[in-house]
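For reference, the structure discussed in these notes is given below.
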Amino acid sequence: MTAASQDYLPDDRYFGPDARQKDIALGLYTQVRDLPLICPHGHVEPRLFSDPDASFGSPSEFFIIPDHYVFRMLYSRGVSLEALGVPRIDGGPTEQDHRKIWQIFAEHFYLFRGTPTSQWLKQEFHDLFGINEPLTGDNAQAIYDQIDARLKSPEFSPRPLFEQFNIEILCTTDAATDTLEHHRALRDSGWRGDIRPTFRPDAVVNLGSPGWRAQIDLLSNVSSIAVTDYAHFIQALEQRRAFFKDMGAQATDHAAQTAQTARLSDREADAIFQRALRGEDTDEDAARFTAHMLMEMARMSAEDGLVMQIHIGSLRDHNRDVAARFGRDKGADIPLHTTFTRELQPLLNTYGTDPRFRLVIFTLDESTYSRELAPLAGHYPALRIGPPWWFFDSLNGMEYYFERIVETAGLYNTAGFNDDTRAFPSIPARHDLWRRASVNWIAGLVARGIVTRADAEAMAHATAYGLAKATYRFANSE
Amino acid sequence: MTAASQDYLPDDRYFGPDARQKDIALGLYTQVRDLPLICPHGHVEPRLFSDPDASFGSPSEFFIIPDHYVFRMLYSRGVSLEALGVPRIDGGPTEQDHRKIWQIFAEHFYLFRGTPTSQWLKQEFHDLFGINEPLTGDNAQAIYDQIDARLKSPEFSPRPLFEQFNIEILCTTDAATDTLEHHRALRDSGWRGDIRPTFRPDAVVNLGSPGWRAQIDLLSNVSSIAVTDYAHFIQALEQRRAFFKDMGAQATDHAAQTAQTARLSDREADAIFQRALRGEDTDEDAARFTAHMLMEMARMSAEDGLVMQIHIGSLRDHNRDVAARFGRDKGADIPLHTTFTRELQPLLNTYGTDPRFRLVIFTLDESTYSRELAPLAGHYPALRIGPPWWFFDSLNGMEYYFERIVETAGLYNTAGFNDDTRAFPSIPARHDLWRRASVNWIAGLVARGIVTRADAEAMAHATAYGLAKATYRFANSE
Amino acid sequence: MTAASQDYLPDDRYFGPDARQKDIALGLYTQVRDLPLICPHGHVEPRLFSDPDASFGSPSEFFIIPDHYVFRMLYSRGVSLEALGVPRIDGGPTEQDHRKIWQIFAEHFYLFRGTPTSQWLKQEFHDLFGINEPLTGDNAQAIYDQIDARLKSPEFSPRPLFEQFNIEILCTTDAATDTLEHHRALRDSGWRGDIRPTFRPDAVVNLGSPGWRAQIDLLSNVSSIAVTDYAHFIQALEQRRAFFKDMGAQATDHAAQTAQTARLSDREADAIFQRALRGEDTDEDAARFTAHMLMEMARMSAEDGLVMQIHIGSLRDHNRDVAARFGRDKGADIPLHTTFTRELQPLLNTYGTDPRFRLVIFTLDESTYSRELAPLAGHYPALRIGPPWWFFDSLNGMEYYFERIVETAGLYNTAGFNDDTRAFPSIPARHDLWRRASVNWIAGLVARGIVTRADAEAMAHATAYGLAKATYRFANSE
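Chains as they are written, first to last, in our numbering: chain A, 1 to 478; chain B, 1001 to 1478; chain C, 2001 to 2478.
Have a look at this one:
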């Protein structure tokens, strides 16, 4: 690597500056750098792999247009989403010249200084495209050419990249009503990549979801169970879970604004469900139903063994105008102040000590790490703390996570890493950041005489690989 | 500088101990140390500069009596405010011997160990008065003499100090009903110091403010608009804003206990206003009116271009006895747990993408940095995050601010520095602490391979100078 | 010490890796390492010392069975409390083979990597039992033998250990209804160890406590005051406080879920008390009565001079099944989101400036350090911030505590260290961790030029010894 590249993307990046600690960190990193990637939670499209002819499109389609981590930052400084080519719901005009979009991106690339997005992008530029210099307005078109040429080469199709990335397991996230046709096609293709669905029933479970009524009809269709009441709703969900499990699913995923759990009687649940079918449900109905369905999902997980993931505290589509014009997930989902202690008590008192049950919790409120999640995970056998989520999938986010959680919960009640990304090519960079941050934290423990080198090696392997694999029940130990 | 002074106030103070990182930090610091000071928000009295004969009084008047950062700490350990010469509202007896006050202060100076107050004071003692040793009870009177002598010299009047401090812009904070006579006198004086008013209408906008009714009468007087109803209230505020803008104001400032925003109909707003005029308004009326007025102030800012600042979450005058005996702002304003996500949604959905609008938010609840403010500022074009406020205007406060905000919001959605001080002579020390803390953080990014040296230089300039200037629209770019 | 031991428990453990800072830290540590231990708050059984024949039992009884810090972690990974020999309330079967219990513990010892529990245990293993290698399943029985042999030696009885530990003062925690017979026996024994009771009236003050009615009868008995109404309840409490004070108590202690304080009229208080006597009180009654009794306890503390401690924000017995089968305090007390600013206003406005009154506050919500506790303690003379409590009695917990509190409150409004432990033999290791963490933080201030070496020495002595002694009024200054 050239000197320029050492300044751009140093080999010892992300490690603390102290020489002794860095030496320990580098030693640990060498041991985990090349371990296969376990990706138990994310949003990559299975279609990329089921279709042998799938490709990534232009540099702007590869890096900008589908990635809300990228376009939200430019939007925050006044660049319109139209100018970045983000498609409008109404099909109205947006920028079609991908070189122009790239030029705007390059001119604003300085906005990402110090953000994980810039770290991922720099590593992708370097590792995938051989770029060794910072992207600027001046070199934007030359770099576009360089990326575009490689994107058009055959080794840049998804399947070869999957193998080059050394991905051992990749889980997608799929609606309860999904027929999993891409997963089926993948299975049938004979290609060896291990890609599995995850059961995410939010659209039918959260009564307030847009288009809920239509989703229920879809559920009836795909399950062949007429969902006309609560009992059949439960039956249909159980059928779908069985189908997902049969298709290789290892986990479910659930999003809620709060962590409230509370069991309703079947009669109450049905009354709410009937009101929802008639379009007469209230906000309170929806909140109570979600709290109840988290209990039901825990029950089903205890029965079928699917690992239950819950993502708590995101207020979706905060900017209603953006949501109305560009649709969901366009970078305006904002965290809410969150509490867990009382909210999870019903669920944990019912299922938290059941050896068949496994719950992985994700939070967007870092103040809950030391206050609630670590004490809860340090007690209840079923509970694991998911890795830093979303905004906290970052160097500081990871350091803070380890420092505020492990002393109370222990490392072995954490869940390893999730890349949680839609951006398939960013997966190696995200895992690399995590592995570096992990060994840097562990090296700090060695340097401060808290763990031995032997402990450190075991911990490094666990954070990089073993914890994710064991948490999601792909292995029996870390 | 002598060896003693190096222990007392080292040249490399506040930088992390790692040699390589410190070297980078010192290099960056050299580039920003002497940049002019931008002071877009603070509480310095304009009278100090409009009156050519203004002086600072005794050492105790300079450092202790008017500074609630100082006397609160001594009060917290049992020293009465009377003994420190803080004036009583009832004119009752307080210590008049300024040497005795100074002696008490010196004997308790150890209480400030590790606080930013001690850092500012040590730097002021050294830079302004040539003091090179820690203040103690033993040397108290000698140091008093040394300070007193310099305070009496002509170069210690405000205007020469303003120039010596290299202040480029200084904004004061002024009531909506202020006639800005000192600002006018300053303009007329021909002196070149750039000192501007800021429009702070809390006393007329927050119905629960002490003496609100009298303030409304004052508003009628200064605006020559009879404020007999809500419509005329709005008209009077618009007139005052136009006047402030004409007098050089670049910004407004608003304090509220919560960040709640919500538009009332004009009819509802008028009904509350009428109840308030009759003294029949409830606490809920006041809360709803404040939430509405934040919307109105945002509307006016979008129209007149004044940058809107909001300071959220301080419970004023927590110690009611101190407030009753000594008045407001006597060191007992205590932060409240704060949330922003839902509260700001009405305002940001209405004005948050308006290119004419700029909103700077200050919080006293650090848990909101990563949870709410950074995600919001990383999306809405109008929003910038104000610098660490009050208790957090400190080395750890700044490190925490950068570490918990920049990864999500980006540096360029932060607002640079505000000294926010009543203590004019502390301004250079406060900016110096910020500049040192900033470059130390940036040097950490370089040392960890996150940003290049070239990036670091641009970031250092932005934090020290460019961001403050651009945020408050004194310049077009950072 | 051998090289193996240096890796296992290095002399410079817990200090940051920077060589210069570590050198300063070691210098400070040398000055405080051997200071006597002040233990003003904890849960050691006085019986251990009143009974000259008391012994500690087997290694499993010494380290595992009574220590919920230890067994909660194994429980969290699926080891049953029965298998660890934790006694059941119903007397049902639990593991009786202490070697088997030890073997399970040893095989799971890796779970504690990076936790303070592992640091305490490693230091106890080494300092008390001469163990120089990590505990594993392989060496479990050999280490059991080594510990068991020493436990059976006479120097391992509590009194000699108390002296060897260099404990200057040890305070226990005792119910309001306790007759303090062990404390009396201790006094009468002529042994010189300074062990004192602490008045903790939660069981009679919190109406919702299990068995409250029986506790009131007990209170009547021990006080010889028939507690038939609120007035006699207060009288009985005053009598008990006088008795505790006579027996050497220096402090009281109070637990509450929230920090709410509010004075009721005597009539309201009596009405609630009467409802409670009839078993007709509501949850709201209980909450209001607790808020009122905190006011009353503050009044009594102002009058009798006992230092008032409040521990806020723990939801006890979160896992109801564990509580039902094994009783209270079995590792499932989970923190609650906490606020103080409004809640403490009534109490602090009434007693917060009374020079006779001293209040020490403990929190389990770290977000309150900088937001509320430091600003409050930096103003009210009566208030001191208790050391990091429970889960936060850890290296990161301490660093975070100093960094988020001292800049605002000053070091001298903190309360020094409490070991707060039931595990008597862990006391030296806990103080050692605190002393190392303290000097490491102080050394960081020296290395960054924030305090001088002379300041640092005074601060190190205060954190290790002086603050605890002065806060609890065993001395007049730090």
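We put the CB at the ideal spot given by N, CA and C, even for glycine.
Residue i versus the options, residue with shortest Cα-Cα distance
i         : options                                       : result
Glu61/A   : Pro425/A, Ser223/A, Val222/A and Gly444/A     : Pro425/A
His1182/B : Ala1324/B, Phe1049/B, Ala1249/B and Ser1301/B : Phe1049/B
Pro102/A  : Pro93/A, Gly85/A and Gly92/A                  : A small fix is needed here, since residue 102/A is Trp in this sequence, not Pro. Among Pro93/A, Gly85/A and Gly92/A, the Cα nearest to that of Trp102/A belongs to Gly85/A.
Gln141/A  : Ala255/A, Pro59/A, Ser157/A and His254/A      : Pro59/A
Ser301/A  : Lys245/A, Arg328/A, Leu344/A and Leu264/A     : Lys245/A
His2068/C : Thr414/A, Asp18/A, Thr408/A and Phe112/A      : Thr408/A
Met1297/B : Leu1347/B, Ala1323/B, His1337/B and Arg1342/B : Leu1347/B
Ala2456/C : Pro2160/C, Gly2027/C, Gly2016/C and Pro2428/C : Gly2027/C
Arg2342/C : Arg1320/B, Ser1209/B and Asp1354/B            : Arg1320/B
Pro1066/B : Asp1329/B, Ala1242/B and Asp1174/B            : Asp1329/B
Endpoints, the beta strand (DSSP E) within which residue i is located
i         : result
Val1227/B : Premise fails: Val1227/B is in no beta strand (DSSP E) and is neither H nor E.
Met247/A  : Careful: Met247/A lies outside any beta strand (DSSP E) and carries neither H nor E.
Thr2030/C : First-last for Thr2030/C: Ala2019 to Val2032, but that is the alpha helix (DSSP H), not the beta strand (DSSP E).
Ala1384/B : Checking the sequence shown, residue 1384/B turns out to be Arg, not Ala. Element bounds for Arg1384/B: Leu1383 to Ile1385.
Phe2362/C : Leu2359 to Thr2363
Cα-Cα separation between residue i and residue j, rounded to whole angstroms
i         : j         : result
Phe2340/C : Gly331/A  : 35 Å
Asp333/A  : His311/A  : 13 Å
Ala1962/C : Leu1186/B : With chain C covering only 2001 through 2478, there is no way to say anything about residue 1962/C.
Glu1372/B : Pro335/A  : 6 Å
Ala1437/B : Met1398/B : 7 Å
Leu2277/C : Ala475/A  : 56 Å
Arg1299/B : Tyr1351/B : 7 Å
His379/A  : Ser1367/B : 25 Å
Thr2228/C : Trp441/A  : 59 Å
Met1001/B : Gly1130/B : Because Met1001/B carries a pLDDT of 39, less than 50, the predicted location of this residue cannot be relied on, and the following value inherits that uncertainty. Each residue's Cα considered, the two are about 10 Å apart.
Arg2267/C : Arg2275/C : 12 Å
Gln2345/C : Ala1262/B : 29 Å
Ala2003/C : Asp2011/C : In this prediction, Ala2003/C scores a pLDDT of 48, lower than 50, which makes its location untrustworthy; no coordinate-derived value is stated.
Leu2237/C : Asp2178/C : 12 Å
Leu445/A  : Phe1402/B : 24 Å
Beta-carbon spacing of residue i, residue j below 7 Å
i         : j         : result
Ile405/A  : Gly386/A  : no
Ala291/A  : Gln257/A  : no
Tyr8/A    : Asn139/A  : no
Val439/A  : Tyr29/A   : yes
Ala1255/B : Phe1199/B : no
Ile1143/B : Leu1135/B : yes
Ala226/A  : Pro158/A  : no
Supposed close pair residue i, residue j - CB separation, criterion 8 Å
i         : j         : result
Leu2081/C : His2108/C : So it is not a contact: roughly 13 Å between Cβ atoms.
Pro2201/C : Ala2176/C : 4 Å
Asn2206/C : Ala2286/C : 7 Å
Ala2460/C : Gln2031/C : 6 Å
Ile1064/B : Gly1327/B : Not confirmed; about 17 Å, so no contact.
Pro1017/B : Gln2021/C : 5 Å
Asp40/A   : Ala251/A  : What sits at residue 40/A in the sequence shown is Pro, not Asp. So it is a contact: roughly 7 Å between Cβ atoms.
First and last residue of the uninterrupted alpha helix (DSSP H) at residue i
i         : result
Gln2123/C : Pro2116 to Phe2129
Glu168/A  : Premise fails: Glu168/A lies in the beta strand (DSSP E), Ile167 to Cys171, not in any alpha helix (DSSP H).
Leu111/A  : Counting along the chain, Leu111/A falls outside any alpha helix (DSSP H), and DSSP gives it neither H nor E.
Residue i Cβ short of 6 Å to the ligand GTP heavy atom set
i         : result
Asp1333/B : No copy of the ligand GTP occurs in the structure displayed, which carries no ligand at all.
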